[in-house]
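Numbering (the numbering used here), first residue to last: 6 to 332.
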Amino acid sequence: MDPCEAEVVRLLADLVIEGGRTLSELAEELNSRGIPTRNGRRWTAVNLYGRLQSAAFFGEAVFRRSDRQWGGHCTRLGGDGHPLHGETVVIPLPPVLPAHRVHAFQEALATLTRQRRNPIRAYPLTGRIHGQCGRPYVGCFRSKDEIRTYRCSGWNTADPCGCVFLPADHVEEQVARHINGLLASMPVRSRPTLSTSSQAQTQLRRHRERVAFLERIVAQCAEELDDLRRREQHNRVIAAAMRQLQAEQRAFERILAHAQDWLSELEDLCDREARCTAVLEAAAPDIRSLSPSEQRRLIELMGVRVDIVDPHFPVPRGNEVLDDPMA
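Here it is as structure tokens:
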């Protein structure tokens, strides 16, 4: 490996292991140090994430990778999951990182996320509330008061609109009551339905079959390696076969790890869809039993819009209960 690139690999490993930064912040750190990508471009969270998956961090170069089926330069696979134009080739490289640093890097990388500071899922009414100026409200955490609020997007314009800030808990409670009442007044068959629920179940079933298939392949590789190790005589042919089989096993293990992550996401999706469906079909529906992201799913499904009709509506303090300012 080029000495300069090796230095970048070591620096990235140090920054990831150190923790406390998002991918965007890590990318900005590299840019501020004047370190470009291989193509001379600026680092972003997207291209940095791809670089951190590089085999260079693990002391190897891999050709015809079958575990990287996204982005550009993908290896074409056949129906059996093997590369069409030759098997995967793994070439050991002089290790850039010692073994204990590789392990620490893998653990730190597993916990690294690209979540936004104030993710939309924490504010189910973002974009659904409209003030007197007609612009939508967005979720906003007021760190000074440590409270969740909704703020009109007109505040960010050259001529701020002056629309009132809304306490998130109070507004969400009021909207939930309106939605619960609306759903309860409708026959179950007339209520909205989640069209993706059956599709998600089909995807989940198929992907479970894929994961089971990959698990069998990995187990088969392990069995074949054990058989080769138990042979009394080892020659060059057997040694070469073992190296190739070990490379295939590592590749399939990486594919399996990605497939298991995807399976976990599909299972979470199906669980969320099931909880939303249960609320929609309940005799006494209550969307407050759902998480903020699940509430947002139903709010968008029902096309809910909240309009502020009282421009002088005061913000409640503590447990103070105020009249409903919305329609």
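Cβ coordinates follow ideal geometry from the N, Cα and C atoms, glycine included.
Ile292 counts as buried, since at least 16 other C-beta atoms from the protein chains shown sit within 10 angstroms of its C-beta. Under the three-state reduction of DSSP, Phe170 is assigned to coil, being neither helix nor strand. Beta-bridge partners assigned by DSSP to Pro141: His135. Sorting Leu271, Arg302, Thr116, His108 by C-alpha distance to the C-alpha of Gln204 places Leu271 at the top. Close CB contacts of Arg133 within its chain, under the 7 Å cut and outside five residues either way in sequence, are with Ile304, Val309, Arg310, Val311 (chain order). Take the alpha-carbon of Ala256 and the one of Ala115: they are about 18 Å apart.
Glu12 is the residue among Asp19, Thr27, Glu12 whose C-alpha sits nearest the C-alpha of Pro41. Straight-line measurement puts the Cα of Arg221 at about 37 Å from the Cα of Arg302.
Taking a contact as a CB-CB distance under 8 Å, the pair Leu16 and Leu31 does not count as one, their CB atoms being some 10 Å apart. In the structure shown, Thr116 adopts helical secondary structure according to DSSP, grouped into three states. Closest by C-alpha distance to Cys9, out of Arg43, Leu28, Ser29, is Arg43. Using a C-beta cut-off of 8 Å, the stretch 144 to 164 makes no contact with the stretch 193 to 201, since fewer than three inter-stretch Cβ pairs fall below that distance. CA-CA distance, Asp231 to Leu261, rounds to 20 Å. Cys226 places its beta carbon less than 8 Å from that of Gln254. In the structure shown, Tyr54 adopts helical secondary structure according to DSSP, grouped into three states. Counting other Cβ atoms within 10 Å of its Cβ, Val51 stays below 16 and is therefore classed as exposed. Taking 8 Å as the cut-off, the Cβ atoms of Cys157 and Gly144 do not count as close. When DSSP states are grouped into helix, strand and coil, Arg310 belongs to the coil group.
The bridge partners DSSP lists for Tyr128 come to none.
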